[in-house]
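Reviewing the structure listed below.
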Amino acid sequence: MAAGGFCKLPSGSVVVALNLPSPTADGTDCVRVLVHARNRARALTRLRNLGMRAVYLRGNAAPPTPDEITAVLHHPDGLIWRTAPDNGVLPAPDLVQELWHPIKALLRRPAAPA
Numbered sequence: 208m209a210a211g212g213f214c215k216l217p218s219g220s221v222v223v224a225l226n227l228p229s230p231t232a233d234g235t236d237c238v239r240v241l242v243h244a245r246n247r248a249r250a251l252t253r254l255r256n257l258g259m260r261a262v263y264l265r266g267n268a269a270p271p272t273p274d275e276i277t278a279v280l281h282h283p284d285g286l287i288w289r290t291a292p293d294n295g296v297l298p299a300p301d302l303v304q305e306l307w308h309p310i311k312a313l314l315r316r317p318a319a320p321a
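When the sequence shown is numbered by this note's numbering, its final residue is 321 and no position is left out of the sequence of numbers.
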C-alpha cells in the first residue's frame, strides 16, 4: 500500500500526496506525486486517467508538507512528482534536493530493459 495523505486548503480544494513505486528495473525506488484538485476523489481520478489505475488513498499518514503544497499550487498543471526519500527522514539543509517534475516527464520515462 502506498503511503500518502491530503491537506484541505482554505479555498476548499485539496492537495493529495502519494508515495508510489517507480517503474524501475529493481522496483526499489519510489516517487512522491502531488495532485491539486477540487476534492480527493477528483485528485485520484486525475491519476487514474493517466494510467495509474491502482492508486488509492487510505488514511492521512504522509500529508503534504507546506513546501510541497506551495510547489503544486505554483505549477500550471497542478500535478508534479519527484523521487521520494528512501528512509523517510528529511534531508539536511546542505544536501541538494531534486526539483519537482511535471507528470508528463514521469510518463515519458522509458521502461528499463529486461
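We put the CB at the ideal spot given by N, CA and C, even for glycine. Here the structure is a predicted model, which means the values were calculated and not measured.
C-beta contact flag for residue i and residue j at 8 Å
i: PRO270; j: GLY219; result: no
i: THR277; j: VAL238; result: no
i: GLU275; j: ALA224; result: yes
Same chain, Cβ closer than 8 Å to residue i, neighbours up to 5 away in sequence not counted
i: ILE310; result: VAL240, LEU257, ASP284, LEU286, ILE287 and TRP288
i: ARG253; result: VAL242, ALA244 and LEU286
i: HIS308; result: ILE287, TRP288 and ARG289
i: ARG255; result: VAL262
As assigned by DSSP and simplified to three states, the class of residue i
i: PRO283; result: coil
i: ARG265; result: coil
i: PRO273; result: helix
i: ARG253; result: helix
Residues near residue i by beta carbon distance below 7 Å, same chain, minus five either side
i: ASN267; result: GLY212 and PHE213
i: LEU280; result: HIS243
Cβ neighbours of residue i in the same chain (closer than 6 Å, five flanking residues each side left out)
i: THR272; result: none
i: LYS215; result: VAL221
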